[in-house]
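K.L.:
Taken in sequence, the protein lines are chains A and B. Take 265 as the starting number for the first sequence in my numbering and just add one per residue. Take 265 as the starting number for the second sequence in my numbering and just add one per residue. The beta-carbon is built from N, C-alpha and C at its ideal position, and this holds for glycine as well. Below: one structure in structure tokens.
There are 2 protein chains.
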Amino acid sequence: MTEKPKLEDVAKLAGVSPTTVSRVLNNRGAISDKTRQRVNEAIEQLNYHPNEIARSLFVSKTHFIGLIFPTTGHPFYGEIVFHIENILSEKNYKVLICNTMDQADKETKYLNMLLANQVDGMIVGAHNVGIDTYQRAHLPIVAIDRKVSDTITVISSDNYQGGRIAAEELLRQGRTKTIHINSAPQHEAPSSYQRRKGYEDVLAEHGLPFKTYTVELPFDTETKQQMLSSILDEHPDLDGMFLSDDITAAIALSMVRNRKKDIFIIGYDGTETVTTCLPELTTVVQPIRAMAQLAVDLLLKEINNDFTDIKKNYMLPVKLRRGEQL
Amino acid sequence: MTEKPKLEDVAKLAGVSPTTVSRVLNNRGAISDKTRQRVNEAIEQLNYHPNEIARSLFVSKTHFIGLIFPTTGHPFYGEIVFHIENILSEKNYKVLICNTMDQADKETKYLNMLLANQVDGMIVGAHNVGIDTYQRAHLPIVAIDRKVSDTITVISSDNYQGGRIAAEELLRQGRTKTIHINSAPQHEAPSSYQRRKGYEDVLAEHGLPFKTYTVELPFDTETKQQMLSSILDEHPDLDGMFLSDDITAAIALSMVRNRKKDIFIIGYDGTETVTTCLPELTTVVQPIRAMAQLAVDLLLKEINNDFTDIKKNYMLPVKLRRGEQL
DNA sequence: ATGAAAGCGCTAACAA
DNA sequence: TTGTTAGCGCTTTCAT
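Structure follows, in structure tokens:
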């Protein structure tokens with residue numbers, strides 16, 4: 265027997281019907297100890313492993329969850345994907361991972377792929393397709409950090425507070441000529457808007473000037489460098505910057521050091537990786553693990569048709585992490 | 265019709281048999297333009313999407329690939345997972361992601377889960393279960409950076425050269441009292457051994473002293489800090505360190521800066537993230553994208569039963585990236 | 001406590 | 001060119 269054994273083979277070897285084997289496997293119905301034992305022996309002997317795909321087809325539940333994110337190569341997404349998968353696997357769900365690289369066509373393709381593979385639900389952290397595209401899925405979906413929708417649950421960190429906290433810290437550091445660089449994904453990510461609003465509100469309240477650059481941030485470092493470089497050229501008297509994520513902040517930090525400028529930099533995200541690599545960076549920390557936990561909790565509630573206490577919009581608190589002095 | 269439409273529904277609406285619909289979907293056999301059109305209209309009208317799970321069951325091929333790695337939260341793994349998924353999705357394969365967190369029991373559980381879900385193959389970058397555990401799977405498997413095996417293809421970067429390159433750079437920087445900290449995963453990862461050997465050989469060739477610490481590196485920063493701290497205490501005259509990965513190197517770098525020591529640090533991996541965050545770090549760069557590409561190429565060859573030109577062991581070249589001056 | 005039969009949604013012989 | 005039939009590996013009524 266070199267072929268993969270199936271349930272029927274086990275049944276034959278144990279001298280029982282397939283039904284009985286199935287019952288043993290799933291602990292259902294009443295089975296005599298004798299038969300249970302014989303079945304288990306046969307399973308052992310054949311090194312039998314049930315085919316989950318066949319099972320999924322029958323019960324029309326796969327226990328697959330689709331994750332759509334820009335790229336696990338970015339620390340924020342790499343970490344949140346890790347936490348989500350980790351929490352889901354505890355609950356016996358399996359994760360299909362999709363990296364859209366911010367390309368709308370990929371996102372659409374992935375969405376269809378996940379539907380075709382009968383995922384029980386999805387968690388989406390990518391931003392290039394209108395959220396209405398997802399509504400058509402008629403599936404439990406939780407989104408992270410995107411436009412609020414009537415039908416899809418959205419989780420985000422408190423971006424407005426994040427913007428305020430950053431601006432307040434710049435003031436506390438005595439910086440008065442600051443700018444904010446704001447990466448706006450194609451489809452109106454509310455996170456960017458809220459962060460910007462928070463930052464601008466604080467400065468306005470203090471009667472200070474501010475300038476916000478809204479740019480489409482590419483993933484590659486070089487383009488970011490050029491962009492930051494020309495912004496620095498335009499503002500020779502700049503003394504503070506609030507960047508939309510830590511990686512961009514890291515680039516700005518090196519650049520400012522190279523130019524020997526005294527510009528105070530604040531980032532956003534506060535991932536483990538960046539915190540470890542750049543302990544001197546001040547940043548607004550998102551509660552990544554809590555966001556992952558909440559996303560999973562809400563998704564599983566929806567999957568189990570428990571819609572009690574499910575709001576459409578969740579906001580988790582952020583906090584400032586001050587960089588360590590060098 | 266609020267239920268998900270199936271192939272049969274399409275057939276009925278189009279007034280043809282299920283077979284015909286299947287043929288249209290898969291572009292197989294000869295179909296008249298008229299029927300093809302009618303079928304396509306019915307598909308459109310019902311917003312029908314084929315059930316891949318049912319299809320998988322029938323053809324006993326899922327196009328699922330399992331990825332077993334320590335954690336996508338670590339930049340090296342996050343990036344390699346990204347590349348692997350990216351390349352695989354181009355070939356219409358789907359990726360199930362598993363984060364073992366270096367726990368053997370999780371790794372075993374994931375392995376069984378992947379087998380139960382009928383993956384067509386696996387790429388493994390985790391290190392806590394003996395490789396023989398995988399042999400039993402009787403499945404195409406490619407391993408990254410682990411013990412060479414007779415039966416499983418292993419890809420690694422040239423760790424011995426990596427060790428040599430690092431040691432040579434330390435010498436070039438005029439460092440003569442150096443140590444190497446070597447994170448040895450539980451089950452004899454050859455990568456650690458080879459890097460160490462390369463480092464030690466070079467120093468021995470120059471008649472220089474060296475010291476290698478082989479420690480089980482935990483994931484958390486604090487424990488690493490404590491460990492590094494006591495090593496630094498033991499060696500007040502140290503002037504060079506070669507760390508087994510960039511994150512640990514980053515921690516060492518901050519620590520050395522805090523202590524105002526002149527210790528030259530060399531890391532290992534050269535991920536985009538760390539390169540961006542710490543451009544001043546000198547490191548041995550692994551060809552991450554090339555490793556991902558090769559892993560996928562070999563895996564798909566094995567899946568397609570093409571074993572020509574498949575060796576059991578592949579080594580890709582590393583290079584030194586010198587940190588930028590601050 | 002156990003088994004026979006039907007079927008989850010799809011595809012591939014084999015016929016016509 | 002199209003349809004009929006059987007079956008991928010499993011589970012679940014419904015009998016007994």
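Along the beta strand (DSSP E) that carries L580/A, what are the first and last residues, could you check?
P.N.:
Its beta strand (DSSP E) spans residues N577 to L580.
K.L.:
Under a three-way DSSP split, which group does M265/B fall into?
P.N.:
Any reading at M265/B must be qualified, since the residue scores a pLDDT of 49, below 50, and its modelled position is unreliable; no value is offered.
K.L.:
Tell me, please, whether the CB atom of T546/B is closer than 8 Å to any CB atom in chain A?
P.N.:
No, because no Cβ of chain A sits closer than 8 Å to the Cβ of T546/B.
K.L.:
For T487/A and D366/A, I'd like the C-alpha separation in whole angstroms.
P.N.:
Going by the C-alpha atoms only, they are around 16 Å apart.
K.L.:
With burial defined as no fewer than 16 other Cβ atoms inside 10 Å of the residue's Cβ, what is the status of R586/A: buried or exposed?
P.N.:
Counting Cβ neighbours within 10 Å, R586/A comes out exposed, since fewer than 16 surround it.
K.L.:
Mind checking whether I530/B and T546/B have CB atoms under 8 Å apart?
P.N.:
Cβ distance < 8 Å, so I530/B and T546/B count as in contact.
K.L.:
Per the DSSP calculation, T442/B is bridged to which residue(s)?
P.N.:
T442/B pairs with F474/B and G504/B.
K.L.:
Are the beta-carbon atoms of A390/A and I429/A separated by less than 8 Å?
P.N.:
No, the pair does not count as a contact, with Cβ atoms beyond the cut-off.
K.L.:
Between the stretch 521 to 545 of chain B and chain A, which residues of the former have a C-beta closer than 7 Å to a C-beta of the latter?
P.N.:
Under the 7 Å Cβ criterion, the stretch 521 to 545 of chain B contributes R521, E536, T537, V538, T540, C541, L542 and P543.
K.L.:
Output, in sequence order along the chain, the residues in the stretch 338 to 354 of chain B whose CB is closer than 7 Å to any CB in chain A.
P.N.:
Listed by position, the residues of the stretch 338 to 354 of chain B near chain A (Cβ gap below 7 Å) are P339, G342, E343, V345, F346, E349 and N350.
K.L.:
Please say whether A554/A and I387/A have beta carbons closer to each other than 8 Å?
P.N.:
No, the pair does not count as a contact, with Cβ atoms beyond the cut-off.
K.L.:
What residue does the alpha helix (DSSP H) around N522/A start on, and which one ends it?
P.N.:
Taken as a continuous stretch (DSSP letters only), the alpha helix (DSSP H) holding N522/A covers D510 to N522.
K.L.:
Round the Cβ separation of I445/A and Y477/A to the nearest angstrom and send it over; I've been treating them as touching at under 8 Å.
P.N.:
That pair is a contact at about 5 Å.
K.L.:
What residues from chain A crowd round H313/B, counting only those whose CB sits closer than 9 Å?
P.N.:
Near H313/B (Cβ distances below 9 Å), the residues of chain A are N376, L379 and A380.
K.L.:
I'd like to confirm the pairing. Which residues does DSSP put opposite I495/A in its beta bridges?
P.N.:
Beta-bridge pairing links I495/A to no other residue.
K.L.:
Would E349/A pass as a contact of A380/B if the rule is Cβ separation under 8 Å?
P.N.:
No. Outside cutoff.
K.L.:
With a threshold of 7 Å (Cβ to nearest heavy atom), would Y457/A be considered close to the ligand HEM?
P.N.:
Of the ligands one can find in the structure shown there are none, so the ligand HEM has no counterpart to examine.
K.L.:
Leaving aside the five residues before and after A431/B along the sequence, list all residues of the same chain whose C-beta is less than 6 Å from its C-beta, in chain order.
P.N.:
Excluding residues within five positions, the ones whose Cβ falls inside 6 Å are Y463, V466 and L467.
K.L.:
Should R459/A be labelled buried (16 or more other beta-carbon atoms within 10 Å of its own) or exposed?
P.N.:
It is buried - the Cβ of R459/A has at least 16 other Cβ atoms within 10 Å.
K.L.:
Would a C-beta distance cut-off of 8 Å place L360/A and L360/B closer than the cut-off?
P.N.:
For L360/A and L360/B, yes; Cβs fall inside 8 Å.
K.L.:
Taking just the CA atoms, how far does E588/B sit from F528/B?
P.N.:
Those two C-alpha atoms are separated by around 13 Å.
K.L.:
Which residues mark the beginning and the end of the alpha helix (DSSP H) in which G462/A is found?
P.N.:
First-last of the alpha helix (DSSP H) with G462/A: P454 to E469.
K.L.:
Look at the Cβ atom of Y594/B, then the Cβ atom of I329/B, and state whether they are nearer than 8 Å.
P.N.:
With chain B covering 265 to 590 only, the question about residue 594/B has no answer from this structure.
K.L.:
Keeping to the same chain, check which residues put their C-beta closer than 6 Å to that of Q450/B; ignore five residues upstream and five downstream.
P.N.:
With a pLDDT of 47 at Q450/B, under the threshold of 50, the modelled position of this residue cannot be trusted, and the question is left open.
K.L.:
As a quick exercise: from F322/A, N363/A, A318/A and H327/A, pick the residue whose alpha carbon is nearest that of T336/A.
P.N.:
Checking every option, the nearest Cα to that of T336/A belongs to N363/A.
K.L.:
Give the DSSP bridge partners of G385/B, in chain order.
P.N.:
G385/B is bridged to I329/B.
K.L.:
Within 10 Å of its beta-carbon, does M265/B have 16 or more other beta-carbons around it, so buried, or fewer, so exposed?
P.N.:
Because the pLDDT of M265/B is 49, which lies under 50, any placement of that residue in the model is unreliable, and the number read from its coordinates should be weighed accordingly. Exposed, because fewer than 16 other Cβ atoms sit within 10 Å of the Cβ of M265/B.
K.L.:
For I515/B, return the contacting residues in chain A, with the cut-off set at a CB-CB distance below 7 Å.
P.N.:
Within chain A, the residues near I515/B are T540.
K.L.:
If you draw a straight line from the alpha carbon of P500/A to that of L580/A, how long is it in whole angstroms?
P.N.:
Going by the C-alpha atoms only, they are around 37 Å apart.
K.L.:
Pick out the complete alpha helix (DSSP H) segments inside the stretch 397 to 445 of chain B, 4 residues or longer, and give them in chain order.
P.N.:
Listed in chain order, they are 423 to 436.
K.L.:
Does the CB of M265/A have a neighbour CB from chain B at under 8 Å?
P.N.:
Any reading at M265/A must be qualified, since the residue scores a pLDDT of 47, below 50, and its modelled position is unreliable; the value itself is stated next. Cβ-Cβ to chain B under 8 Å: no for M265/A.
K.L.:
Taking 8 Å as the threshold (C-beta atoms), are V418/A and N577/A in contact?
P.N.:
Contact flag set, yes.
K.L.:
With a cut-off of 8 Å, does the C-beta of Q450/B fall near any C-beta of chain A?
P.N.:
Confidence at Q450/B is low in this model, with a pLDDT of 47, below 50, so the placement of that residue should be treated as unreliable; the coordinate-derived value is given next. For Q450/B, the answer is no, since every Cβ of chain A falls outside 8 Å of its Cβ.
K.L.:
Run through chain A and tell me which residues come within less than 8 Å of A554/B, C-beta to C-beta.
P.N.:
By Cβ distance, chain A contributes nothing, its closest Cβ being about 15 Å from A554/B, past 8 Å.
K.L.:
Does the distance from the CB of F385/B to the CB of I405/B come in under 8 Å?
P.N.:
For clarity, residue 385/B is Gly in the given sequence; the question names Phe instead. The answer is yes: Cβ separation under 8 Å.
K.L.:
So what does DSSP say about F528/A, is it helix, strand or coil?
P.N.:
Residue state, collapsed to three classes: strand.
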